[in-house]
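Residue numbers (our numbering): 11 to 421.
Glycine residues also receive a C-beta, built at the ideal position from the N, C-alpha and C atoms.
In this text the structure is predicted, and so the values were computed from the model without any measurement.
Presented below is the structure to which this report refers.
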């Protein structure tokens, strides 16, 4: 006859489930078994021995005189009781130990399945709680399966399955089965009653934790990370601050000859990381956020959170960055909408936009002049994306203008 001892032993050996919970689950399973056979579990004791890994089932009935049994569920006659022990007397409790064989094979199999199901539910909930507490921590996992939309990996620390969606991967990430991946626990999502642990390499938390690992001063609380903004795989800006005047927060994060930051850059597929010394001086903070560009002057509109930044012509492209990445991140980390302008200082040979009035409609020229671009080179120094954003002109129109201006300088 099948029994539940093996199942109970597996249950007992589970290190992640506390003993009170083990006892409660086993009692529930066996009381359900008793109810199905006897209709009620009121006169039954379920004794679970978590130390030895076994259990006992006892049926308790009151002994009454022969012929006075009115409820067979709670009473037993004296003659039946004395068949087990001659010392029984009327009024005493009659204890009858039950064996698993008393319930039948089918009932035992159903109970075993219920027990396994309850154990699995507890293990899932335990895993969920563990990873809810680990959100924001870095995990190291081995790639188990590569799917079209996600990668399934096994966490080295817990042997738990974690999921790295493609959207949480850095451009340039490529993994095969057996590869090791590092990422941060981003969330725990419930999908069809299962807890999916989602990890991320594009989250700002990942960069923050990498910095904590590489820079002891951050972990010790001597340096505080105020804010992180990222375009994963391309560029990131990190605002740091130290309340100890003896510590240079930027230098500590970068390390001697870049020793601390280089490892992080490699992990993030050569993502350019700008470490910025945080300050409450808005103009200075905007100036620092536009690094590596050198700012000439800044006009602030604090009420509307806008900043007009003026730079020398050779610094404009640096301030804007590849595909506008530098100015975009600078705006995000400072909280200001930043517009860059060429400094009014003349350089080389330039041509006033009005000189092109025979080829470019005057309203278009006026639109460019309204954003500070009153010469041909001042337009050509800005990216198409930046011109579209600041002028609200169609990209096709801007391309036509650029072709006309570039033609002028070909000779």
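Reduced DSSP secondary structure (H/G/I, E/B, other) of residue i
i, result
"residue 2", "Limits of the chain in this structure are 11 at one end and 421 at the other, which puts residue 2 out of reach."
"residue 280", "coil"
"residue 79", "coil"
"residue 306", "strand"
"residue 315", "coil"
"residue 356", "In this prediction, residue 356 has a pLDDT of 44, which is less than 50 and means its spatial position is unreliable; nothing more can be read from the coordinates."
"residue 184", "coil"
"residue 98", "coil"
"residue 322", "coil"
"residue 103", "strand"
"residue 66", "strand"
"residue 84", "coil"
"residue 232", "coil"
Beta-carbon spacing of residue i, residue j below 8 Å
i, j, result
"residue 236", "residue 251", "yes"
"residue 233", "residue 149", "no"
"residue 245", "residue 217", "no"
"residue 329", "residue 339", "no"
"residue 370", "residue 412", "no"
"residue 304", "residue 346", "no"
"residue 295", "residue 301", "no"
"residue 381", "residue 352", "no"
"residue 213", "residue 247", "no"
"residue 260", "residue 291", "no"
"residue 385", "residue 363", "yes"
"residue 334", "residue 395", "yes"
"residue 76", "residue 94", "no"
Given residue i as reference, the closest of the options once Cα atoms are compared
i, options, result
"residue 107", "53, 253, 353 and 369", "53"
"residue 5", "67, 206 and 144", "Because residue 5 is not part of the residues shown, which for the chain are 11 to 421, the question remains open."
"residue 49", "158, 400, 77 and 82", "82"
"residue 194", "115, 204 and 172", "172"
"residue 40", "121, 80 and 136", "121"
"residue 159", "332, 165, 178 and 202", "178"
"residue 96", "84, 118 and 73", "73"
Beta strand (DSSP E) segment containing residue i, residue limits
i, result
"residue 219", "Note, residue 219: premise wrong, no beta strand (DSSP E); alpha helix (DSSP H) at 214-224."
"residue 350", "347-352"
"residue 174", "171-175"
"residue 205", "204-210"
"residue 163", "160-165"
"residue 90", "Segment 88-91 is the alpha helix (DSSP H) holding residue 90; no beta strand (DSSP E) there."
Limits of the alpha helix (DSSP H) - the one that residue i falls within
i, result
"residue 395", "394-401"
"residue 113", "Element bounds for residue 113: n/a, residue is neither H nor E."
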